[in-house]
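Okay, so the sequence shown: first residue is 0 according to numbering that gives the first Met the number 0, each after it adds one. This report refers to the structure that appears directly beneath it.
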Amino acid sequence: MVTPDNLFFKFADLNHKGTHVIIGKTVRIRKPAQVSIGDYSIIDDFTYVSCGLKVGRFSHVGANSVIIGGDAHVCIGDFVNIAPGCRLIAASNDYAGGGLVGPTIPPEYAGDPVVSYIRIKDHVLLGANTIILPGVDIPEGVATGAMTLITPDVKLQPWTLYVGAPARAIRKRDGKLILQQAHRLTFDPKYRT
Ligand SMILES: CC(C)(COP(=O)(O)OP(=O)(O)OC[C@H]1O[C@@H](n2cnc3c(N)ncnc32)[C@H](O)[C@@H]1OP(=O)(O)O)[C@@H](O)C(=O)NCCC(=O)NCCS
């Protein structure tokens, strides 16, 4: 018996799947036509994606991560590493009382949705169980410790390590060697596509 590549969707239905991409059999992508995965990237098992998503090259989404947001779109750059259990929440609802909330509610009874985006630049590292809320732009080289919460109010600086909820900066990261290695890998003929 031939087992399918994936239990929930056909790889052929993705908007784009680069070469050497690995997508776990139990990854659930609700709208494959709105999802592009770049060369050499990996999406690990039990990850759930319900919105539009673009992933660059050599990036990784760890097991059990959630990328959600209805009509919103999430954009992940190159050389990004997302540890297991992260939650990228690109859309939400009015939690202050503007209407009933949740997918069970008919539109005429629901409050206005908060539909936004999440953009994650190259060389970002998200520690396990990091949570990103709608409307967050994560600059190049940011890293987060395990269990970090990033809201749009946090003023993120490139190449800086953040921890806690809400996130606070604890130190700078040195991007020099990382950028050199990324440049070499990008132009290494063994990995050109
Ligand atoms: C943030 C991290 C990288 C440690 O960085 P570090 O530079 O060694 O930092 P330190 O251990 O010196 O801690 C510095 C401060 O941050 C705090 N801190 C460290 N990690 C934290 C976390 N995850 N959440 C909240 N606070 C944290 C420490 O308590 C310390 O606080 P203080 O200055 O008030 O005493 C590490 O703790 C971490 O969370 N790593 C994520 C690992 C992970 O998820 N890997 C995924 C593998 S797939």
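For glycine and all other residues, C-beta sits at the position ideal for the given N, C-alpha and C.
Checklist entry - In terms of alpha-carbon separation, which member of Ile67, Asp93, Gly76 lies closest to leucine 87? => result Ile67
Checklist entry - Of all the options Val65, Leu178, Asn14, which has the alpha carbon lying nearest to the alpha carbon of aspartate 121? => result Leu178
Checklist entry - Which value, in whole angstroms, describes the spacing of the CA atoms of valine 115 and alanine 109? => result According to the sequence shown, residue 115 is serine rather than valine. Looking at the two C-alpha atoms, the distance is approximately 17 Å.
Checklist entry - Near leucine 124, what residues of its chain come up, given a Cβ to Cβ distance below 6 Å and the 5 sequence neighbours on each side ignored? => result Asn80, Ala142
Checklist entry - Is the beta carbon of isoleucine 169 within less than 8 Å of some heavy atom of ligand 1? => result yes
Checklist entry - Does the count of Cβ pairs from the stretch 53 to 61 and the stretch 89 to 109 closer than 8 Å reach three? => result no
Item to check | Range covered by the alpha helix (DSSP H) that runs through threonine 185 | outcome: 175 to 186
Next on the checklist: Can you list, in chain order, the residues of its chain with a C-beta nearer than 6 Å to that of arginine 29? Leave out the 5 residues immediately preceding and following it.
Outcome noted: Ser49
Checklist entry - Do you know offhand how far alanine 89's Cα is from valine 73's? => result 7 Å
Checklist entry - If we count the other Cβ atoms within 10 Å of its Cβ and call it buried at 16 or more, is valine 26 buried or exposed? => result buried
Next on the checklist: Is proline 165 a contact residue of ligand 1, with contact defined as CB to any heavy atom under 8 Å?
Outcome noted: no
Checklist entry - Comparing alpha-carbon positions, which option in Leu160, Asp111, Gly84 lies nearest glycine 96? => result Asp111
Checklist entry - Where threonine 2 and phenylalanine 8 are concerned, what is the direct C-alpha to C-alpha distance, given to the nearest angstrom? => result 13 Å
Item to check | Among Asp173, Gly55, Val135, the one whose alpha carbon lies nearest that of serine 91 | outcome: Val135
Next on the checklist: My output table needs one value for aspartate 136: the three-state DSSP class, helix, strand or coil.
Outcome noted: strand
Item to check | Contact test: alanine 142 Cβ vs ligand 1 heavy atom, cutoff 8 Å | outcome: yes
Checklist entry - Is tyrosine 47 closer than 9 Å to valine 65 when the C-beta atoms are compared? => result yes
Next on the checklist: Am I right that phenylalanine 78 and alanine 145 are in contact with their C-beta atoms under 8 Å? What's the rounded C-beta distance?
Outcome noted: About 20 Å separates the two Cβ atoms, so there is no contact after all.
Item to check | Where the beta strand (DSSP E) containing serine 35 begins and where it ends | outcome: 34 to 36
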